[in-house]
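Notes follow the structure.
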Amino acid sequence: MKLLASLLMAAALAAPAIPAFAQGSAPAQPAKPDLAKGEASYAAVCAACHAADGNSTIAVNPMLAQQHPEYLVKQLKEFKSGKRADPVMQGMAAMLSDDDMRNVAAWLASQKAKEGFAKDKDLVSLGERIYRGGIQDRHIAACAGCHSPNGAGIPAQYPRLSGQHGDYTVKQLTDFRDGKRGNNNQMRDVAAKLNDREIKAVADYIAGLR
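Heads up: the sequence shown is residues -22 to -1, 1 to 188, going by mature numbering (1 follows the signal peptide of the UniProt record, and there is no 0).
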């Protein structure tokens, strides 16, 4: 009986330590995105340049509707920190908290992207060849390998490209190539091997992807 009583007492003393350890080891989970707050923040900060539904009508401002939320959050954080250099976007992102960014990104991901169109018939076939097959003799990888054949991208890894404004894509690829955009080494290395004509061709092809 004395042995049984001792064992029970030991178990009782040890019991509080078990849930305390488990509770301390559980990581805090971020709040679920609030789409209503995301829409409100977007309307206040972003809509003037990217349109009310994320389908920008200004060719140098990117289409954001239906973009992967993880990618959008990453870009907003890097604008805010200065890792992705852009004085206008740095000022806009500075007004957003991490929760604001998640809310805005989730709301944009829920918006339907409008279809775009290629414009240059003489270049679009070159753009298709590069996008789908790369340029093997210059060790340029196919864009489709990361961004998928239809430009849908891969959530949490590679952004959606289909329908993106050609002018915007040209600027981003040129900035990667020229070292003005330094927040993605993989894209910098790919763009470094492309000339102006190839960049324009790929951008035009991407604009018509769907």
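Quick reminder that beta carbons are idealized off the backbone N, C-alpha and C, glycines included.
Runs of alpha helix (DSSP H) wholly within the segment 156 to 181 (minimum 4 residues, chain order): Uninterrupted alpha helix (DSSP H) stretches at least 4 residues long and entirely within the segment 156 to 181 occur at 163 to 169, given in chain order.
Integer-rounded CB distance, given that glycine 141 should sit under 8 Å from lysine 92: The residue labelled residue 92 in the question sits at position 114 within the sequence shown. The residue labelled residue 141 in the question sits at position 163 within the sequence shown. Glycine 141 and lysine 92 do touch by the CB rule: their CB atoms are close to 7 Å apart, below 8 Å.
Residue-level contact to chain B via CB, lysine 58, 8 Å cutoff: Going by chain labels, chain B is absent from the structure shown, which holds only one protein chain.
Environment of proline 8 [buried if 16+ CB atoms lie within 10 Å]: Taking the sequence shown and counting its residues from 1, the one referred to as residue 8 is at position 30. Around the C-beta of proline 8, fewer than 16 other C-beta atoms lie within 10 Å, and the residue is accordingly described as exposed.
Touch test, the segment 26 to 37 against the segment 120 to 139, Cβ-Cβ under 8 Å, three pairs minimum: Using a Cβ-Cβ distance cut-off of 8 Å, the segment 26 to 37 and the segment 120 to 139 are not in contact, since fewer than three pairs of beta carbons, one from each stretch, lie closer than that value.
Alpha carbon of glutamate 48 to alpha carbon of lysine 178, nearest angstrom: Translated into positions along the sequence shown, residue 48 becomes position 70. Translated into positions along the sequence shown, residue 178 becomes position 200. Cα to Cα, glutamate 48 sits roughly 27 Å from lysine 178.
Check whether alanine 29 and leucine 50 have beta carbons under 8 Å apart: What you label residue 29 is simply residue 51 of the sequence shown in a count that begins at 1. What you label residue 50 is simply residue 72 of the sequence shown in a count that begins at 1. No. Outside cutoff.
Three-state secondary structure assigned by DSSP to alanine -1: As a working note, residue -1 is residue 22 in the sequence shown. Annotation note: pLDDT 43 at alanine -1 (below 50); position unreliable, no value reported.
Three-state secondary structure assigned by DSSP to isoleucine 36: Locating residue 36 in the sequence shown gives position 58, where the first residue counts as 1. Coil.
8 Å Cβ cutoff met for tyrosine 109 and alanine 119: Against the sequence shown, residue 109 aligns to sequence position 131. Against the sequence shown, residue 119 aligns to sequence position 141. Using a Cβ distance threshold of 8 Å, tyrosine 109 and alanine 119 do not count as a contacting pair.
Reference tryptophan 85, options Pro137, Gly160, Gln114, Ser19, closest by Cα: Stepping through the sequence shown from its first residue, residue 85 is reached at position 107. Nearest C-alpha to tryptophan 85: Ser19.
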